[in-house]
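**Student:** I'd like to ask some things about the structure below.
Protein chains: 4
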Amino acid sequence: MDDLQAFARHIFESQPFSRFIGAQLTNAGPKDAELTLPITDNLKQQHGFVHGGAISYLADNAITFAGGLALGGNALISEFKINYLKPARGSHLVARAQAKGIGKRQVVCQCEIYAVEDGEEKLCAIAQGTVVPAS
Amino acid sequence: MDDLQAFARHIFESQPFSRFIGAQLTNAGPKDAELTLPITDNLKQQHGFVHGGAISYLADNAITFAGGLALGGNALISEFKINYLKPARGSHLVARAQAKGIGKRQVVCQCEIYAVEDGEEKLCAIAQGTVVPAS
Amino acid sequence: MDDLQAFARHIFESQPFSRFIGAQLTNAGPKDAELTLPITDNLKQQHGFVHGGAISYLADNAITFAGGLALGGNALISEFKINYLKPARGSHLVARAQAKGIGKRQVVCQCEIYAVEDGEEKLCAIAQGTVVPAS
Amino acid sequence: MDDLQAFARHIFESQPFSRFIGAQLTNAGPKDAELTLPITDNLKQQHGFVHGGAISYLADNAITFAGGLALGGNALISEFKINYLKPARGSHLVARAQAKGIGKRQVVCQCEIYAVEDGEEKLCAIAQGTVVPAS
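Protein chains in written order, with my numbering: chain F, 38 to 172; chain H, 38 to 172; chain Z, 38 to 172; chain S, 38 to 172.
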């Protein structure tokens, strides 16, 4: 499992878009993953909240890593769905994804995205998606 | 309608995340919107394709603008779903969203995202989501 | 709250399609609902498993009731997404939905659908959707 | 192709749930399918409209058949998402699904569901989902 976590970190660090946005893979378990994203001005929309596109990036990538860890190797996200619950602001976002249904051909994951403001986590989006083995 | 398009462009240009990523609002109609995103190295994942998170940003924002134009004013995306069809590479991405079901309380939009390589458009993702009036 | 549960049961019992399929509202809380559906031959697909359409009915209706209970009154489901995890067979299905994000204008719910075979629950589908107040 | 259509009809006719609900497979093409469902009292919810669960059955099954025809054989729906646009009433419902992204490992389909009242089709729901080959 240590090897798998190291593998996950290696993959994550080789994603230019994750570096560009400023995200970090802050936890990787046998079937779950946590990403953290400091909120900078670059990530905002016109009202000063985090843009939905930055939140959807977190859902996409946290689901991909949770699914890939559950599958034990290279994996791709094939689809996901996200519901926005409230505007996101604060110091950073945390996305936690967990594999719920694990098969050989697909893993279905759920993901919760929290905005952390003054040390308090507020649920701002939930997502659900499918990860498949890379062919 | 010219005013509405100008309003849409004004909103788009005041989104720091859209500028940061490098996206442009290249068309705005009474119930549809087109976004264009030049593919730069910053937008890629570990295999050199565009990261799903950048594609999901396009879906989120194209749907938001198509829905907002159909609603005629300030609007929010409440949820969307995206399916990735093939890896995205080339010179740029184009996302086209269209309002399909227009009510007072919600507009449901479909969105197609194309990767343009050597001048040829290839469908690389489709999305569907809901836009509601800003309260 | 007793009144709200009685209200939920009254609504459920006045749904011809729920009676036709044979579903029961087996639990109703302040922000969650449980539906139970005995598996009969009428509900099956060509391989003898429960048809996805019967499972999607359960997701649709369990989400609607969980959301309506959280909203405190008449409500409509506006959208949902479902992932099928494994073929469903056994004596009955149980769908449990829970409101996760509760606002005035919408409630977002998650739902798990289990197939019960020889007394053992197996997770066969998960869903996520939005409920809005009836206008 | 005639063989494939005959194969599709044979599969459809061996689905007890489709017979129970009263649906018919009214068209089957190389990558699309149409289902028709007469509106009977059994299919309604508490306000006299067609229950969302009956509409979601149509989306599930039309997507499955369109995807299976595109894949050329036995197939399963792995997930879908549906947005309800307006209450459904009239003489019957028609669901038309079309494969949009066709690969070896998955087909992604869009589906439109119309309510037909006094001979006029009204779009009442749209859906999008994934079909995979049966293993």
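Every residue gets a Cβ at the ideal spot worked out from N, C-alpha and C, and that includes glycine. As the structure is a computational prediction, the values presented were derived from the model and not from experiment.
For residue 137(Z), I'd like the list of residues in its chain whose CB is within less than 7 Å of its CB, leaving aside the five on either flank, ordered along the chain.
**Tutor:** As a working note, residue 137(Z) is residue 100 in the third sequence. Setting aside the 5 residues that flank it on each side, residue 137(Z) is surrounded in the same chain by 145, 146 and 147, each with a C-beta closer than 7 Å to its C-beta; the list follows chain order.
**Student:** Mind pulling the alpha helix (DSSP H) runs of 4 or more residues that sit fully within the stretch 54-135 of chain Z?
**Tutor:** 89-108
**Student:** Under three-state DSSP, which class holds residue 147(H)?
**Tutor:** For the purposes of this step, residue 147(H) is identified with residue 110 of the second sequence, where counting begins at 1. Correct three-state label for residue 147(H): strand.
**Student:** Taking three-plus beta-carbon pairs below 8 Å as touching, is the stretch 146-163 of chain F in contact with the stretch 50-63 of chain H?
**Tutor:** no
**Student:** Spell out whether any CB of chain Z is found under 8 Å from the CB atom of residue 135(F).
**Tutor:** Within the first sequence, numbered from 1, the residue matching residue 135(F) stands at position 98. By this cut-off, residue 135(F) is not an interface position.
**Student:** My assumption, with CB atoms under 8 Å, is that residue 126(S) sits in contact with residue 163(S). Please give the rounded CB distance.
**Tutor:** What you label residue 126(S) is simply residue 89 of the fourth sequence in a count that begins at 1. What you label residue 163(S) is simply residue 126 of the fourth sequence in a count that begins at 1. Wrong, their Cβ atoms sit about 18 Å apart, outside the cutoff.
**Student:** Which of the three DSSP states is assigned to residue 52(F) in this structure?
**Tutor:** Numbered from its first residue, the first sequence carries residue 52(F) at position 15. Note: residue 52(F) maps to coil in three-state DSSP.
**Student:** By Cβ distance, which residues of its chain are closer than 6 Å to residue 111(S), with the 5 residues on each side in sequence left out?
**Tutor:** For this step, residue 111(S) is matched to residue 74 along the fourth sequence. Correct list, in chain order: 171.
**Student:** Taking a contact to mean a Cβ-Cβ separation below 8 Å, would you say residue 135(H) touches residue 69(H) in this structure?
**Tutor:** The sequence position of residue 135(H) within the second sequence is 98, counting from 1. The sequence position of residue 69(H) within the second sequence is 32, counting from 1. Yes, these two residues count as a Cβ contact at 8 Å.
**Student:** Quick check on the DSSP output: the beta strand (DSSP E) that includes residue 156(S) runs from which residue to which?
**Tutor:** Here residue 156(S) is taken as the residue at index 119 of the fourth sequence, counted from 1. In the DSSP annotation of this structure, residue 156(S) is not part of any beta strand (DSSP E), being labelled neither H nor E.
**Student:** Quick one: grab the DSSP three-state call for residue 171(F).
**Tutor:** Here residue 171(F) is taken as the residue at index 134 of the first sequence, counted from 1. Reduced to three states, the DSSP call for residue 171(F) is coil.
**Student:** With a 10 Å radius around its C-beta and 16 neighbouring C-beta atoms as the bar for buried, classify residue 43(H) as buried or exposed.
**Tutor:** As a working note, residue 43(H) is residue 6 in the second sequence. By the neighbour-count rule (16 or more Cβ atoms within 10 Å), residue 43(H) is not buried but exposed.
**Student:** Cβ closer than 7 Å: which chain S residues qualify as neighbours of residue 167(H)?
**Tutor:** Taking the first residue of the second sequence as position 1, residue 167(H) is located at position 130. The answer, in chain order, is 120.
**Student:** Grab me the residues of residue 177(S)'s own chain with a C-beta within less than 7 Å of its C-beta, minus the 5 sequence neighbours each way, in chain order.
**Tutor:** The first residue shown for chain S is 38 and the last is 172, placing residue 177(S) beyond what the model contains.
**Student:** Residues in the stretch 65-99 of chain S with C-beta within 7 Å of chain Z's C-beta atoms, listed in sequence order?
**Tutor:** Residues of the stretch 65-99 of chain S that bring their beta carbon within less than 7 Å of a beta carbon in chain Z comprise 78, 79, 80, 81, 82, 83, 88, 89, 90, 91, 93, 94, 97 and 98, in sequence order.
**Student:** Is it buried or exposed, residue 50(Z), if we count other Cβ atoms within 10 angstroms and call 16 or more buried?
**Tutor:** Locating residue 50(Z) in the third sequence gives position 13, counting from the first residue. That one is exposed.
**Student:** Strictly below 9 Å CB to CB, what residues from chain F border residue 105(Z)?
**Tutor:** Residue numbering aside, residue 105(Z) sits at position 68 when the third sequence is read from its first letter. Ordered by position in chain F, no residue passes the 9 Å Cβ test against residue 105(Z), which lies about 17 Å from the chain.
**Student:** Given this structure, state the Cα-to-Cα distance separating residue 99(S) from residue 72(S), to the nearest angstrom.
**Tutor:** The count along the fourth sequence starts at 1 and reaches residue 99(S) at position 62. The count along the fourth sequence starts at 1 and reaches residue 72(S) at position 35. Cα to Cα, the separation comes out at about 6 Å.
**Student:** Answer yes or no: do residue 130(H) and residue 92(H) have a C-beta to C-beta separation smaller than 8 Å?
**Tutor:** Here residue 130(H) refers to the residue found at position 93 of the second sequence. Here residue 92(H) refers to the residue found at position 55 of the second sequence. Between residue 130(H) and residue 92(H), the CB-CB gap stays under 8 Å.
**Student:** Would you kindly check if the distance between the Cβ of residue 169(S) and the Cβ of residue 142(S) is under 8 Å?
**Tutor:** Counted from its first residue, the fourth sequence places residue 142(S) at position 105. Counted from its first residue, the fourth sequence places residue 169(S) at position 132. Taking 8 Å as the Cβ cut-off, residue 142(S) and residue 169(S) qualify as a contacting pair.
**Student:** Nearest-angstrom Cα distance between residue 140(F) and residue 120(S)?
**Tutor:** Locating residue 140(F) in the first sequence gives position 103, where the first residue counts as 1. Locating residue 120(S) in the fourth sequence gives position 83, where the first residue counts as 1. Between residue 140(F) and residue 120(S), the C-alpha separation is close to 28 Å.
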